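To start, the structure itself, in structure tokens.
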Amino acid sequence: MANTPMRTLIVEDTLINQEFLKMIMADWGECIVVESGEAAVAVFADSLENSPFDIIFMDIMLPGIDGLQALERIRALETQKGITPGNEAKAIITTALDDDGKASRAYIHGQAISYITKPIRQNIIEDELRKFGLIQ
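First residue of the sequence shown? That's 127 in the numbering used here, and the numbers climb one at a time after it.
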């Protein structure tokens, strides 16, 4: 996948984090940014028809449904579409220290491949992408 453009869904309600993640990920392909869990689920559902996302950066603390609930709904959509484990969009949870426990639960329950504690750092993101074979 490292040579193929990635489609990235960034789910983040803080502008500076949106812009920073978009700046990092734009080198590898298209980035779509949404600010809520509901919007993430809607955009993800639409993407399954034509051009699915390769990776999702999901903030845990969001207005409306939180990132964990949004990710559970996204995983349910993938299951309904017959997407098998291992072929689903990779998800990385982004979290502030006060919601670290919820992020680790998403990771432990297989909803996410990793989680990153804020502040987000480019080298950490790139290390995670390399670890999962998304970039070289």
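Beta carbons are placed, not taken as given, at the ideal position from N, Cα and C, and that holds for glycine. Remember, predicted model here, so these are calculated numbers, not experimental data.
Cβ-based burial, T134 [other Cβ within 10 Å; buried from 16]: As a position in the sequence shown, residue 134 is number 8, starting the count at 1. Classification of T134: buried, given that the 10 Å Cβ count is 16 or more.
Unbroken alpha helix (DSSP H) run spanning A171, endpoints: The count along the sequence shown starts at 1 and reaches residue 171 at position 45. A171 -> alpha helix (DSSP H) spans G163 to N176.
Alpha-carbon spacing of E138 relative to I158, whole angstroms: One-based indexing of the sequence shown puts residue 138 at position 12. One-based indexing of the sequence shown puts residue 158 at position 32. Using only the alpha carbons, I get a separation of about 11 angstroms.
Presumed contact (8 angstroms Cβ cut-off) between A217 and A238, rounded CB distance: On the sequence shown, residue 217 is found 91 positions in, with the first residue counted as 1. On the sequence shown, residue 238 is found 112 positions in, with the first residue counted as 1. Between A238 and A217 the Cβ distance is about 4 angstroms, and since that is below 8 angstroms, they are a contact.
Complete runs of the alpha helix (DSSP H) confined to the segment 175-219 [at least 4 residues]: Entirely contained in the segment 175-219, the alpha helix (DSSP H) runs reaching 4 residues are, in chain order, 193-206.
Opening and closing residue of the beta strand (DSSP E) in which I136 lies: As a first step, residue 136 is located in the sequence shown; it is residue number 10 there, counting from the start. I136: member of the beta strand (DSSP E) spanning M132 to V137, first to last residue.
Whether H241 touches I219 by CB criterion (8 angstroms): Translated into the one-based positions of the sequence shown, residue 241 becomes position 115. Translated into the one-based positions of the sequence shown, residue 219 becomes position 93. Checking the displayed sequence, the identity of residue 241 turns out to be Tyr instead of His. In this structure, I219 lies closer than 8 angstroms to Y241 by Cβ.
Assigned secondary structure, I261 (DSSP; H/G/I helix, E/B strand, else coil): Residue 261 sits at position 135 when you count from the first residue of the sequence shown. Residue state, collapsed to three classes: coil.
When I136, L147 and L141 are compared against N249, the one with the closest alpha-carbon: Sequence index remark: in the sequence shown, residue 249 carries index 123 (1-based). Closest option to N249, judged by alpha-carbon separation, among I136, L147 and L141: L147.
Burial state of P211 (16 or more Cβ within 10 Å): As a first step, residue 211 must be located in the sequence shown, where it is residue number 85. With fewer than 16 Cβ atoms within 10 Å of its Cβ, P211 is classed as exposed.
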